[in-house]
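S.K.: Here the sequence shown is numbered in the UniProt record's numbering, starting from 1 and rising by one per residue.
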Amino acid sequence: MSTNRDTVQSYDTRAAEYAAEAAAMPEWVAAEIDAFVTELGGSGRVLEIGSGGGRDALALETRGISVRRTDVSKGFVELLRESGFKADLLDPLTDDLADPLHPDRPYDGVWACACLIHVERRDFRTVLRRLAEATRPGGRLHASVRDGDGDSAFTLGSAAAPRHYVETYWRESALRSALADASWNVGEIRRCMGRPDDWWLSVRASRA
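1) Could you tell me the alpha carbon to alpha carbon distance between Glu78 and Ala87, rounded to whole angstroms?
2) So Trp170 is in the alpha helix (DSSP H); what residue range does that whole segment cover?
3) Using DSSP bridges, identify the partner residues of Val25.
4) DSSP three-state call for Leu97: helix, strand or coil?
5) Is it right to say Gly84 is buried, meaning 16 or more other beta carbons lie within 10 angstroms of its own, or is it exposed?
6) Compare the beta carbon distance of Glu167 and Ile189 with 7 Å and say whether it is the shorter of the two.
7) Counting pairs of beta carbons, one from the segment 143-150 and one from the segment 94-107, are three or more of them closer than 8 Å?
8) Can you grab the Cα-Cα spacing for the pair Arg204 / Thr13, in whole Å?
9) For the segment 23-35 and the segment 51-68, state whether three or more C-beta atom pairs, one from each stretch, are separated by less than 8 Å.
10) For Leu97, which of Val72, Trp199, Trp200 has the nearest alpha-carbon?
11) Report whether the distance from the Cβ of Arg195 to the nearest heavy atom of the ligand MN is below 6 Å.
12) Check Ser2 in the structure and name its three-state DSSP category.
13) Could you spell out the range, first to last residue, of the alpha helix (DSSP H) harbouring Glu82?
14) Could you have a look at Glu120 and say whether DSSP puts it in helix, strand or coil?
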């Protein structure tokens, strides 16, 4: 995913802790799940990028969606497998995205909530295009990135056990352009608040 390796390693080392912190469903994500399921007609096979602790996949499955769980972090993949779910270690920039269950059948949709922030700007269009190529015409996309300018590198944790993260921010006009270049028709981009002063651009799009 051309994700900074320190970022992946930070998720690897604290996957269970992160999953617990992210277990509660934000209202804006719940609203996006409702819209996504409605757009899919309440059924279909979806590729999830950045499954993390599995919160969103469970919500989608309770609504009738079949989800392929994937993550670039082996820590999250191992956590999901230990919880009894099938999950694949997958980098959407470089790995084969075809569905192992139906390799000749494209996905009905892609769910990529709050994970593409870790894709470098130079690789973002490539990832979006590869996701489009793996999706049927008219298939749906949810993706969310942080609203802002430039990039950010920051460290959390203690001096003895630091965790390093790199994020890429987007403004709506540039995000729309990247999506269009990658064969996605944008229906709506909603600006949603996570924590105070933590704004997300939430994409609802369809495969051209």
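Virtual Cβ for every residue (Gly too), placed ideally from N, Cα, C.
M.R.: Per the coordinate set shown:
1) Cα to Cα, Glu78 sits roughly 8 Å from Ala87.
2) Run containing Trp170: none; DSSP gives neither H nor E here.
3) Correcting the residue identity first, residue 25 is Met in this sequence and not Val. According to DSSP, residue pairing for Met25 in a beta bridge does not occur.
4) Three-state DSSP puts Leu97 in coil, outside helix and strand.
5) So Gly84 counts as exposed.
6) A distance of 7 Å or more separates the beta carbons of Glu167 and Ile189.
7) The answer is no - the segment 94-107 does not touch the segment 143-150, with fewer than three Cβ pairs under 8 Å.
8) Cα to Cα, Arg204 sits roughly 32 Å from Thr13.
9) The count of Cβ pairs closer than 8 Å, one atom from the segment 23-35 and one from the segment 51-68, reaches three, so the stretches are in contact.
10) Shortest Cα-Cα distance from Leu97 to any of Val72, Trp199, Trp200 involves Val72.
11) Annotation note on the ligand MN: not contained in the displayed structure, which lists no ligands.
12) In this prediction, Ser2 has a pLDDT of 47, which is less than 50 and means its spatial position is unreliable; what the coordinates show is noted afterwards. Coil.
13) Counting along the chain, Glu82 sits inside the alpha helix (DSSP H) bounded by residues 74-82.
14) In this structure, Glu120 counts as coil in the three-state DSSP scheme.
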